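Written out below as structure tokens is the structure these notes cover.
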């Protein structure tokens, strides 16, 4: 996560944000969002810090962190790939796209590649049903996919580094 001074500076920034945000109604979600912005994810030590600073149980923090998909317990890769597994995509063989990505990236859904370049996620409907099966890489939508399309698309992002 960095050297001790960098880590302490992150905790100090979060502590100041918590103190300010606690004065407003419904502070937990904004505090957790800020913590994730600062640290890149919400590992247990950050959750424990929030729990202690806010005076609420760790189980409440963990429950929110695992319920909402916007929160990550581990850092995500530089590029986040979401494969739609909604009904329209599923019946158009989205699972073959997910499997091809898993093979290409050598990681399972929910995982991040060792080089931290990609995180692979199975998602719910992306709202592009007419283009099924669909995946998003960052903010770019790819539709009407076939498994054989995957290596070429991934190579575009590997070469962007």
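Numbering (my numbering), first residue to last: 292 to 452.
Glycine included, every Cβ here is placed at the ideal spot set by N, Cα and C.
Being a predicted model, the structure only gives us computed values, none of them experimental.
Exclusion of the five residues before and after residue 367 leaves 331, 332, 403 and 410 as the residues of its chain whose Cβ lies within less than 8 Å of its Cβ.
Taken in chain order, the complete alpha helix (DSSP H) segments of 4 or more residues contained in the stretch 299 to 350 are 319 to 330 and 335 to 345. If you look at residue 443, you'll find it isn't in any beta strand (DSSP E); it sits in the alpha helix (DSSP H) that goes 441 to 451. Only exposed fits residue 299, as fewer than 16 other CB atoms lie within 10 angstroms of its CB. C-alpha of residue 350 to C-alpha of residue 445: approximately 38 Å in a straight line. Beta-bridge annotation (DSSP): residue 373 is paired with 412 and 427. For residue 308 and residue 301, the gap between their C-alpha atoms comes out near 11 Å. Residue burial is scored here from C-beta neighbours: residue 412 has at least 16 other C-beta atoms within 10 angstroms and is therefore classed as buried. With fewer than 16 neighbouring CB atoms inside 10 Å of its own CB, residue 358 falls in the exposed class.
Restricting attention to 379, 316, 449 and 328, the CA atom closest to the CA of residue 395 is found in 449. Taking 8 Å as the cut-off, the Cβ atoms of residue 380 and residue 425 count as close. Looking from the CA of residue 440, the closest CA among 363, 311 and 387 belongs to 387. No Cβ-Cβ contact shorter than 8 Å links residue 392 with residue 371.
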